[in-house]
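Asks: Quick one: the structure is below, and I'll ask about it shortly.
Residue numbers (the working numbering): 3 to 152.
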């Protein structure tokens, strides 16, 4: 199964595609990257750029499923609203492509990847490096699994 993972953000949206073996014990990195958005651009144009980028990634890499991070709690309502809109664009792109969609809390993602729900970004990056047999830690931290191959 090939899965597109999305880390939504209003300035940087990270993504990565991994492919798993039939028993779900080994995963290989297919490709990863980020959609970087100009901070001076209107928010609606940022959403359009994210939508187009994700549609292109889905069309080119042909994932079977999409895993997307749920919104996290924020003190600032504007931040959570923008994140929700970015998530909506990502969910729409996945739904249009008829992908199986899974939504996961940041805590569950950290627990699953690093074994600790409060793991910091460096711990998660190190575990992604190990799990995907990468030589280097994924950079930037928003990307859904980066680094060089072994």
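Glycine is no exception: its CB is placed at the ideal position from the N, C-alpha and C atoms.
Which same chain residues, not among the five before or five after residue 25, have their C-beta less than 7 Å away from its C-beta?
Replies: Along the chain shown, read from residue 1 onward, the residue named residue 25 stands at position 23. Here the set comprises nothing.
Asks: Here's the rule: buried if 16 or more other CB atoms are within 10 angstroms of the residue's CB, otherwise exposed. What is residue 124?
Replies: The residue labelled residue 124 in the question sits at position 122 within the chain shown. It is exposed - the Cβ of residue 124 has fewer than 16 other Cβ atoms within 10 Å.
Asks: Given this structure, state the Cα-to-Cα distance separating residue 117 from residue 101, to the nearest angstrom.
Replies: What you label residue 117 is simply residue 115 of the chain shown in a count that begins at 1. What you label residue 101 is simply residue 99 of the chain shown in a count that begins at 1. Their backbone Cα atoms lie some 27 Å apart in a straight line.
Asks: To which residues of the same chain is residue 6 closer than 6 Å at the C-beta, ignoring the five residues directly before and after it?
Replies: As a working mapping, residue 6 is identified with position 4 in the chain shown. Correct list, in chain order: 19, 65, 68.
Asks: Pick from 8, 48, 98: whose alpha carbon is nearest that of residue 107?
Replies: Start at 1 with the first residue of the chain shown, and residue 107 comes out as number 105. The shortest Cα separation from residue 107 among 8, 48, 98 belongs to 8.
Asks: If the criterion is Cβ atoms closer than 9 Å, does the pair residue 201 and residue 92 meet it?
Replies: One cannot answer for residue 201 here, as it falls past the ends of the chain, which runs 3 to 152.
Asks: Answer yes or no: do residue 60 and residue 99 have a C-beta to C-beta separation smaller than 9 Å?
Replies: Working through the chain shown from its first residue, we reach residue 60 at position 58. Working through the chain shown from its first residue, we reach residue 99 at position 97. Against a cut-off of 9 Å, the Cβ pair of residue 99 and residue 60 comes out as a contact.
Asks: Rounding to the nearest angstrom, what Cα-Cα distance links residue 126 and residue 109 in this structure?
Replies: One-based indexing of the chain shown puts residue 126 at position 124. One-based indexing of the chain shown puts residue 109 at position 107. Those two C-alpha atoms are separated by around 11 Å.
Asks: Considering only the alpha carbon of each residue, which of 90, 79, 73 lies closest to residue 50?
Replies: For the purposes of this step, residue 50 is taken as the residue at position 48 of the chain shown. Taking only the C-alpha atoms, the option nearest residue 50 is 90.
Asks: Check each candidate in 11, 32, 12, 3 and name the one with the smallest Cα separation from residue 134.
Replies: Sequence index remark: in the chain shown, residue 134 carries index 132 (1-based). Comparing Cα-Cα distances from residue 134 to each of 11, 32, 12, 3, the minimum goes to 32.
Asks: When burial is assigned at 16 or more other CB atoms within 10 Å of the CB, is residue 151 buried or exposed?
Replies: On the chain shown, residue 151 is found 149 positions in, with the first residue counted as 1. The pLDDT assigned to residue 151 is 35, lower than 50, so where the model puts this residue is not dependable, and the model offers no usable value.
Asks: Which of the three DSSP states is assigned to residue 36 in this structure?
Replies: Position 34 of the chain shown holds residue 36. Reduced to three states, the DSSP call for residue 36 is strand.
Asks: Using 10 angstroms around the beta-carbon of residue 42, count the other beta-carbons present and answer buried if the total reaches 16, otherwise exposed.
Replies: To locate residue 42, count along the chain shown from 1; it is residue 40. Burial call: exposed.
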